[in-house]
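In this text, residue positions in the sequence shown follow my numbering: the first is 13, and each later residue adds one.
Working notes, structure below.
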Amino acid sequence: MRGILALSALHLSRYRPDKKELYNSQAMLQHQIGLRQATYVLREINEENCTAVYIFSALTLFFTVAKPRNPGDFLLVGNSDMADWLTLVKGTSFIIGTSEDILHKGSLGPMFTAGRRRNELREKLFAQASLEDSPLAELRLLIDKTTVDRQEVTICLDAIDGLRKAFITWPDQAQGASYESADVFIWVFEVDHRFLELLRVRTQESLCIFSYFCVVLRKLDSYWWMEGWATHLISKIYHLLDEEHRLWIRWPIEEIGWIPN
């Protein structure tokens, strides 16, 4: 309930600007109370509470991206440590992994069944797809040829291959496949934590990969809680890259429609 109230307050703040500060403060209050309660329950997840904890973790993910953002916000990783959003996504993944059977048997069962079918479609399309047809093909080649640290190359190429699955399910690339938010978030669920560490320290290669993720993120711009994130992030990435690597992200910039200042 606290998660629903917090997200609802943020939603109201967008449409009632005269009471924006009031709704935002109430959103933060409800979220903090709910977070304390959920943190306590997380110590002992059982059949009775795991569905509620999962729903709250999902709502908290939406809350984190929907709340007023600061100019320095980087979504996946903060300036010094993993951002709340990433921690929550990984936390949600942990809940699914440890309580999957219970969740499938509960009230959310149909949702998880649909998600499994969606993942099967994604894997089928990925197996049939050609790397050369992917927008990520050129970036993959550049990283493989120019990055000295071979371990870093492996991490980055694995991250690219995971991101390709999100591009594969684009409606204009896969006949009969609509685009869903899960097609975006699945990459964050599955990406190696070592790649996120590279992103945290702002390596040029990881930033370039992240810029392609912004193109996928742009597909969710119609959702009020994601509006503007793709443009915000591509701008930040551009200013973190050197002149050479800015040339690597021409395609994401064009797809998003952002114009460098």
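Ideal Cβ positions, reconstructed from N, Cα and C, are used throughout, including at glycine.
First through last residue of the alpha helix (DSSP H) which encompasses residue i
i	result
M40	K32 to V53
N131	G121 to Q140
S25	R14 to Y27
K79	Counting along the chain, K79 falls outside any alpha helix (DSSP H), and DSSP gives it neither H nor E.
W199	A194 to E202
R212	H205 to R212
E164	R162 to I180
Status (buried if at least 16 other CB within 10 Å, exposed otherwise) for residue i
i	result
G46	buried
I265	buried
I271	exposed
Y35	buried
H251	exposed
K79	buried
W241	buried
Y224	buried
Y66	buried
H278	Residue 278 falls outside the range modelled here, since the chain spans only 13 to 273, and no answer is possible.
V213	exposed
F207	buried
T76	buried
E60	exposed
F201	exposed
L153	exposed
Q42	buried
K12	Summary: the structure shown does not reach residue 12, with the chain confined to residues 13 through 273, and so no result is reported for it.
T125	exposed
G109	exposed
A139	exposed
R55	exposed
Helix, strand or coil at residue i according to DSSP, with G and I counted as helix
i	result
Y250	helix
D93	Note that D93 scores a pLDDT of 35, beneath 50, so its modelled location is shaky; the value from the coordinates is reported in the next line. In the structure shown, D93 sits in coil (DSSP, three-state: anything other than H, G, I, E or B).
W241	helix
I261	helix
Y224	helix
A189	Any reading at A189 is ruled out, since the residue's pLDDT is 47, under 50, leaving its predicted position unreliable.
L219	helix
G118	coil
K157	helix
I57	coil
K231	coil
I271	coil
D71	Going by the sequence as given, residue 71 is Leu instead of Asp. Note: L71 maps to helix in three-state DSSP.
S105	helix
S146	coil
E266	helix
Supposed contact pair residue j and residue i - C-beta distance, whole angstroms, cut 8 Å
i	j	result
T51	G15	Wrong, their Cβ atoms sit about 13 Å apart, outside the cutoff.
I155	K177	About 18 Å; that fails the 8 Å criterion.
D170	D195	Wrong, their Cβ atoms sit about 18 Å apart, outside the cutoff.
W260	C226	Contact doesn't hold; Cβ gap of about 13 Å is too wide.
T63	L120	6 Å
S218	C168	7 Å
F222	I180	19 Å between Cβ atoms; not a contact.
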